[in-house]
Structure formats: C-alpha cells, structure tokens
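Residue numbers (our numbering), protein chains in the order written: chain X, 12 to 261; chain B, 8 to 570.
We treat Cβ as the ideally placed atom computed from N, Cα and C, and that holds for glycine.
Everything below concerns the one structure shown next.
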C-alpha cells in the first residue's frame with residue numbers, strides 16, 4: 012500500500028535520509044523507530060508530500076507520489092507530530108472543510124464527521140472553537156480528520172504525545188480496528204511499548220539509514236534474544252547511553 | 008471524488024472571520040470604535056480634500072483637466088511601486104510561510120487550485136490598503152465632476168487589473184527569491200529591503216524640500232511648466248494606463264486601448280505566474296521547510312557590558328538575553344531604521360525652519376515651538392515605547408514559564424525590563440529634544456527645561472509602558488507588532504497622550520510666567536516664583552506617580568498571574 016524505494020534527502024552537505032526503502036502492506040501496522048534526528052520525521056514528511064525528495068520513489072495505493080500527487084494523497088491520511096489546526100474554526104467546521112479537500116460530498120462529509128467525532132469522543136465539543144481545545148483533544152481531532160475520508164493508508168508521526176491513558180487506549184483500539192479493515196499504517200513513535208504492543212513489523216532508522224527491520228520477535232532475536240522488551244534492544248542497536256556513563260555524569 | 012473549485016480553499020479564512028465576529032473578545036468594542044472612528048475621519052478627510060481640489064480645478068478649464076490627469080497618473084504610479092513591494096512580502100507569507108500550507112499540501116489539492124486560492128489571498132492582503140485609500144479619492148473626483156455610474160464601474164474595472172499586475176510580478180519575484188535563498192532568510196532580506204525602501208522614500212520626499220514650492224522665486228517658467236504637464240508619466244507602466252482609463256471615463260468617454268492593456272497584461276501575468284508556480288513552487292516550498300542554519304553573531308560584547316553594569320546577576324542575565332534576542336531578530340531591530348529616518352527628517356525640519364522671516368515675533372514663536380517640540384518628542388518616545396517597551400513582557404511568549412518557575416521575583420524581572428527599555432529610549436528622547444531646541448534657537452532656559460522635562464517624562468512613559476505591558480500581556484501573539492496594537496497597547500497610547508498633554512500644559516504655564524517677565528525686562532515677583540515652582544513640582548509628581556503606579560500594578564499583575 013505504501014512503498015518507498017531508495018529514498019534520499021539531502022540538505023546541502025548533510026544527508027538526512029540515506030537510501031531508505033520500506034513497504035507497508037494493507038492491514039499492516041508498521042512501526043518506524045529511531046533516536047531523535049535519525050530521519051523519521053523527514054521520511055514521513057516526504058511520504059506525506061510535504062518535502063521534495065532528492066531522489067527515490069514513493070507509491071501510495073499504486074499511485075506514484077511524484078507523477079500523480081493528488082491521486083496518491085487522496086488515498087492517504089496524515090497525522091503529523093505538530094499538527095496545524097485552524098484555531099478559529101469549530102471542530103465540525105474543520106472536519107467539514109477537510110472533507111471538502113478530499114473531495115467528499117457535503118452530506119457524506121457531515122455524516123462521516125459525526126461518526127468520527129463520536130468515535131474519538133469529541134462530539135460534545137463539536138461546536139467549540141479549536142483554540143479552546145487541550146493538546147490531547149486537538150490530537151484526537153487531527154485523527155478524526157485523518158480517518159474522515161476512509162484512507163487506504165495512514166501516516167502517523169508520534170501519535171501518543173499529549174494523550175491521557177484513556178485517549179491512548181482509544182487510539183490504539185482505533186488503529187487496530189482500522190488495520191483489520193485493511194488500512195496500512197506507518198507509525199513513527201518513541202514509545203517503544205506502544206510499538207511492541209501494536210506493530211506487525213518495525214523498521215529502525217539511524218543516521219538516515221534503516222539498520223534493522225522485522226517483527227518484534229525477529230528484532231529481539233537480532234539483538235541476541237536476551238531481552239523481552241524492545242527498549243534495551245533499541246538502545247543496543249542505536250547506541251544509547253549506558254547506565255554507567257549516566258552515573259559518572261551524576 | 009468531487010473536486011471543489013479553488014475558492015473552497017478560502018473558506019477557513021471566511022469562517023474564521025465569521026466566528027471571530029460572533030465571539031467577541033475583551034476590548035474588541037473599544038478597538039473597533041477607535042480604529043473605526045480613525046478610519047472614518049481619514050476617509051472623510053481624503054474625500055473632502057480631493058473633492059475640494061477637483062472642484063477648484065473646474066475653474067481652470069483645460070489646465071484643470073491636465074492637472075487631474077497628471078494627479079491620477081502620479082497617484083497610480085505611487086501605488087504601483089507600493090503594491091509590487093507589498094506583493095513580494097505578502098506572497099512570501101501566503102505561499103511559503105503560512106502554517107496551513109502543511110495541511111493543504113498533504114491533501115489532494117492540485118497546484119493550480121492552491122495557486123489561485125493563494126493568489127486571491129495575496130491580492131486581498133496586499134491590495135486592501137491601496138483600494139481603501141483609492142475609494143474616497145475616486146468618489147471625491149467623481150462627485151466633484153458629477154460623473155455618471157459608468158465612471159464608478161470603470162474605476163472598479165480599472166482597479167482589479169491594476170492590483171493584480173504588480174502582485175503577480177511580486178509573487179514571481181518571491182518565487183525566484185525562495186528558490187535561491189531559504190524562505191526564512193528571504194523574509195529577513197525582504198523585511199530589510201522594505202524598510203530601506205520606506206526609509207529612502209521618507210528621506211527623499213523631505214529632502215526635496217517641498218516648502219520651496221511656496222516661494223514665488225522658485226517656480227519654473229510657464230512654458231516649461233506646460234511642457235512638463237503634457238509629457239506623460241511613465242507611459243509604459245500600468246499606472247499610466249489606469250490613470251488614462253479613469254480620466255477618459257471621467258470625461259464621459261472610454262479609453263479602450265489602455266483598459267485593454269490593463270486587462271490583457273493582468274491576465275497574461277496571471278497565466279505566467281501560474282505556469283511558474285506550477286513548475287517551481289514545490290521545490291521552493293520544500294526549501295522553505297529546511298531549518299535555517301544558525302548563522303548569528305555571538306554578541307560577546309554584551310556579556311562584557313552586562314558584567315560592567317550595576318545590579319544583580321538576575322538582572323544582568325535577563326538584560327543580555329533580551330538584547331541578544333532583539334538583535335538576532337531582523338524583524339525587530341530593522342524597524343529602528345525607519346525610526347532613525349523619521350528622526351532625521353524631524354530634526355531636518357527644525358534645521359530648515361526659517362522663523363526669522365516673521366518680524367518681531369520670531370522669539371515668541373521659537374519659544375512656543377520649543378513646547379510643541381517637547382510634546383512632539385514625547386509623542387515620538389511614547390510611540391517608540393508602545394512598539395518596543397510595551398511588548399517586552401509579552402516577548403517572553405511561551406518561554407515565560409522559565410522565568411515563572413525560577414526563583415526570580417517578578418519585581419526583579421519587571422525592573423530589568425524597565426531598565427533595558429529606558430536607556431535607549433532616554434538617549435533617543437534627549438537627543439531629539441536637545442538637538443531640535445538647538446536648531447530652533449530656543450531660549451537657554453527652555454533648552455535646560457526641555458532636557459530635564461524629557462528626562463522625567465521618559466521615566467514615566469517607559470514605566471507606564473513596562474507596567475501596562477505586564478498588566479495586559481499577549482503571550483500568544485504571532486508577532487510583537489500585534490501586541491502593540493492590542494487592547495492594552497491602545498490603552499497605553501491613550502494614557503500616554505493624556506499624560507503628555509498634562510505635562511506640557513504644566514510646564515508651559517510655568518515657563519510662560521518667566522518668559523513673559525523676561526520679555527518685558529522685569530523681575531518675577533515672589534508669588535509668581537512660588538506658582539512656577541508649584542507647577543514644576545506638580546509636573547514632576549505627576550510623572551513620578553504615573554511611573555510608580557504603573558510599575559507597582561505591573562508587578563502585582565505578574566504575581567497574580569494564574570494561567
């Protein structure tokens with residue numbers, strides 16, 4: 012559903028993304044992990060059509076993003092890490108506008124907006140201005156918008172930031188439900204527990220390159236199979252600081 | 008999938024305006040009343056002047072027609088350059104820096120629809136001021152000449168392409184700039200260019216010395232005057248076409264050639280801009296997303312300077328931080344260039360003021376001017392304070408939590424803001440007053456009084472700005488100009504004007520007693536001396552109270568802040 016081939020993005024002499032290839036199949040939740048500055052957000056923003064790649068090819072639902080950007084984007088839902096929302100619109104107005112952007116008929120958009128607002132527990136605040144929303148509520152509104160037009164693939168950058176435990180549970184349930192319906196989800200996150208719990212496959216990126224890929228069990232085995240949790244595996248693979256160093260500093 | 012036409016993309020702006028109108032915020036009514044009244048006064052004044060001038064020119068038959076024709080050409084030429092520049096700056100924001108572009112570009116919106124919607128927005132934002140100014144002008148000319156409805160229709164049909172042409176050119180220039188420089192760096196360059204442009208225009212207009220035109224000996228001879236009138240102003244520019252089209256319809260005819268030139272050029276440029284944007288927009292946008300490299304000066308001298316200053320370490324650190332942030336933000340300090348130009352023009356006015364031409368009265372007029380000058384200098388400093396000192400607390404923005412959670416008393420924080428603002432404003436105010444009184448040739452007593460008065464008035468006005476800035480902060484404002492134009496900023500200006508009027512009245516009254524006696528060569532009686540002292544003391548007390556009350560209330564407001 013999402014196919015990325017040999018993606019490269021350079022800024023002057025700095026290579027932010029260096030030959031990344033990955034694919035996300037229908038119904039798959041694919042985790043995209045990496046330390047800060049590894050190139051996750053740049054990759055996701057290129058796939059979303061917000062950045063021009065230096066080279067490489069991206070197809071979404073069979074549409075080449077460079078050749079047919081509108082068709083590719085119409086199949087995609089995007090949940091950015093720092094979403095933009097029109098602060099002076101109400102939640103419903105925002106969804107209505109979003110539906111129009113994705114070519115939904117007015118009646119269909121209204122009906123679907125009601126469903127999404129109910130699903131993400133925002134129906135009570137649908138007539139309130141977005142500026143009065145908490146961070147978690149804004150995050151849920153962005154998700155409403157991302158799923159509004161029934162996308163075939165969804166890109167998610169840091170979905171759990173700012174969500175309370177109930178909100179986080181809700182999002183996890185919805186992502187699982189969507190994947191069961193055949194939606195391909197590519198999810199970048201720092202919350203390794205979430206990745207371990209939800210992802211069918213995980214790609215780990217470091218300094219712009221994919222250094223490991225596989226199911227959770229395959230990644231655990233790759234790191235020696237001594238740990239049951241992803242965190243130590245992630246630190247081993249990405250070279251995180253050891254406890255001894257921290258103790259020395261403190 | 009239904010594809011919505013491009014105006015659909017403008018809906019959030021319209022809905023936001025509607026929602027904003029429905030849910031009024033604190034101070035909206037006052038702001039609307041003040042700005043509405045001001046706009047109305049300016050509009051009526053422009054209309055009145057244009058109507059009167061056109062009416063007067065009716066008496067001069069053919070010469071009057073020439074002058075109207077020339078006037079229209081010059082007016083449109085002035086606006087053409089303004090619109091082109093405004094188009095460059097506005098399109099940088101609408102096409103490359105707007106936050107909502109991330110949402111729109113991730114959606115299946117064609118480049119064409121995006122271009123047209125953004126272009127309409129750019130035309131609206133870049134052209135509204137010119138159109139608002141032109142409406143009373145067009146109406147004034149039309150009503151004075153009893154023009155028919157076709158004149159007003161022609162005016163409308165002339166204005167649209169006249170605004171579209173420079174904005175299209177400006178947008179393409181921006182597209183080129185953004186593809187060459189990163190957008191955020193391009194914004195700095197444009198801001199600087201704009202201010203240098205404005206500064207040059209202000210100084211050029213003043214240094215032309217238009218007052219010379221009032222002297223008979225400086226008028227050109229009649230023949231060269233008429234030859235000037237008959238040669239068109241820049242006939243290849245759209246401003247000339249617009250002026251000719253409008254003038255023809257004012258005469259009851261139609262100038263299809265120039266109207267056609269306007270429309271065909273506008274449409275051709277629109278098509279050209281669309282093609283250029285279709286080809287290079289995404290590359291430019293993508294470049295605009297790249298983080299700007301931290302190219303900045305370390306400004307180490309500020310650390311050394313802070314060490315030499317009296318006060319505690321907290322004040323020093325706040326001072327260094329405020330100054331570094333200010334100097335590294337081009338949009339902030341570059342406005343000082345314009346201020347500098349205005350100050351030069353202000354002083355130049357006093358330099359060329361020829362009061363000695365007025366027999367017997369030049370001394371009295373000079374001394375009266377010294378007070379006008381004091382008031383003017385105080386108005387200038389209050390305008391500087393509202394722009395640079397009033398927003399100093401709001402400038403902390405979302406980072407204010409750092410100060411609030413640190414063991415820094417709010418009193419120390421606000422006093423640091425006060426001193427950081429006071430020193431530059433005081434230097435400006437003293438320089439203005441002393442230099443202008445020197446050029447004016449005011450009495451020595453008034454020169455000293457002016458210098459001393461400006462000293463305590465500056466303390467009061469900067470204190471008032473700092474205190475009120477703390478009482479009415481806007482931490483979420485997109486830029487500091489917005490803070491200056493907020494409810495609190497307007498409140499500050501109203502209080503500052505009242506304060507200046509009271510001070511000038513008190514100082515003027517006391518000084519007039521001394522000057523009256525001095526003029527007649529008689530000593531000032533003791534009772535009058537006592538009255539003078541009382542008036543001067545009152546002026547000092549009013550200033551001290553203004554300063555102290557504002558600062559105290561500012562500190563209390565910061566301490567009571569809950570959000």
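Any Cβ of chain X closer than 9 Å to the Cβ of residue 35 (chain B) would place that residue at the interface, and such an atom is absent.
For residue 448 (chain B), no alpha helix (DSSP H) segment is defined, and its DSSP state is neither H nor E. Relative to the Cα of residue 70 (chain X), the nearest Cα in the group X:210, X:82 and X:62 belongs to X:82. Residues of the same chain with a CB within less than 6 Å of the CB of residue 257 (chain B), apart from the 5 flanking positions on each side, are 152, 154 and 158 in chain order. For residue 56 (chain X), at least one C-beta of chain B is nearer than 9 Å to its own C-beta. Any Cβ of chain X closer than 9 Å to the Cβ of residue 289 (chain B) would place that residue at the interface, and such an atom is present. Just measuring C-alpha positions, the residue of B:510, B:386 and B:478 sitting nearest residue 495 (chain B) is B:478. In the structure shown, residue 63 (chain B) falls within a helical segment according to DSSP collapsed to helix, strand and coil.
It is roughly 12 Å from the alpha-carbon of residue 567 (chain B) to the alpha-carbon of residue 416 (chain B).
Identification of chain B residues near residue 91 (chain X) by a Cβ-Cβ cut-off of 9 Å yields 109, 110 and 113, ordered along the chain.
Residue 59 (chain B) sits exposed, since fewer than 16 C-beta atoms from the chains shown fall within 10 Å of its C-beta. In this model, residue 524 (chain B) and residue 538 (chain B) are separated by some 14 Å (Cα to Cα). Each of B:319, B:177, B:545 and B:308 was checked against the Cα of residue 460 (chain B), and the nearest Cα belongs to B:545.
In the structure shown, the three-state DSSP call for residue 457 (chain B) is helix.
Here residue 34 (chain X) has 14 as same chain residues with Cβ atoms under 6 Å from its own Cβ, once five neighbours each way along the sequence are excluded. For residue 180 (chain B), the enclosing alpha helix (DSSP H) stretches over residues 156-187.
Contact of residue 186 (chain B) with chain X is not assigned, every C-beta pair being separated by 9 Å or more.
Between residue 208 (chain X) and residue 101 (chain X), the alpha-carbon positions lie close to 34 Å from each other.
In the assembly as shown, residue 97 (chain B) is a buried residue. Its beta-carbon has 16 or more other beta-carbons within 10 Å.
According to DSSP, residue pairing for residue 68 (chain X) in a beta bridge involves X:16. Taking a C-beta distance under 9 Å as the contact criterion, residue 213 (chain X) and residue 246 (chain X) do not qualify as a contact pair. Here DSSP, grouped into helix, strand and coil, assigns residue 172 (chain X) to coil. Nearest to residue 143 (chain X) by alpha-carbon distance, out of X:191, X:99 and X:177, is X:99. Not a single C-beta of chain X is nearer than 9 Å to the C-beta of residue 538 (chain B).
With respect to chain B, the C-beta atom of residue 109 (chain X) has a partner C-beta closer than 9 Å. With contacts defined as CB atoms closer than 9 Å, residue 76 (chain B) and residue 260 (chain B) fail to qualify as a contacting pair.
Rounded to the nearest angstrom, the gap between the Cα atoms of residue 428 (chain B) and residue 308 (chain B) is 19 Å.
The distance from the Cβ of residue 94 (chain B) to that of residue 139 (chain B) is about 17 Å, inconsistent with a contact at the 8 Å cut-off. Assignment of residue 59 (chain X) by DSSP, reduced to helix, strand and coil, places it in the coil class. Not a single unbroken stretch of the beta strand (DSSP E) spanning 3 or more residues falls wholly within the stretch 38-121 of chain B.
In this structure, residue 169 (chain B) sits away from residue 242 (chain B), with a CB-CB distance that is not shorter than 9 Å. In the three-state DSSP reduction, residue 184 (chain X) falls in the helix class (H, G or I). Residue 229 (chain X) counts as exposed, since fewer than 16 other beta carbons sit within 10 angstroms of its beta carbon. Taking a Cβ-Cβ threshold of 8 Å, the residues of chain X close to residue 106 (chain B) are 95, in chain order.
Around the beta carbon of residue 553 (chain B), 16 or more other beta carbons lie within 10 angstroms, which makes this residue buried. Across the stretch 15-26 of chain B, CB contacts with chain X closer than 7 Å involve 15, 18, 19, 22, 23 and 26, in sequence order along the chain.
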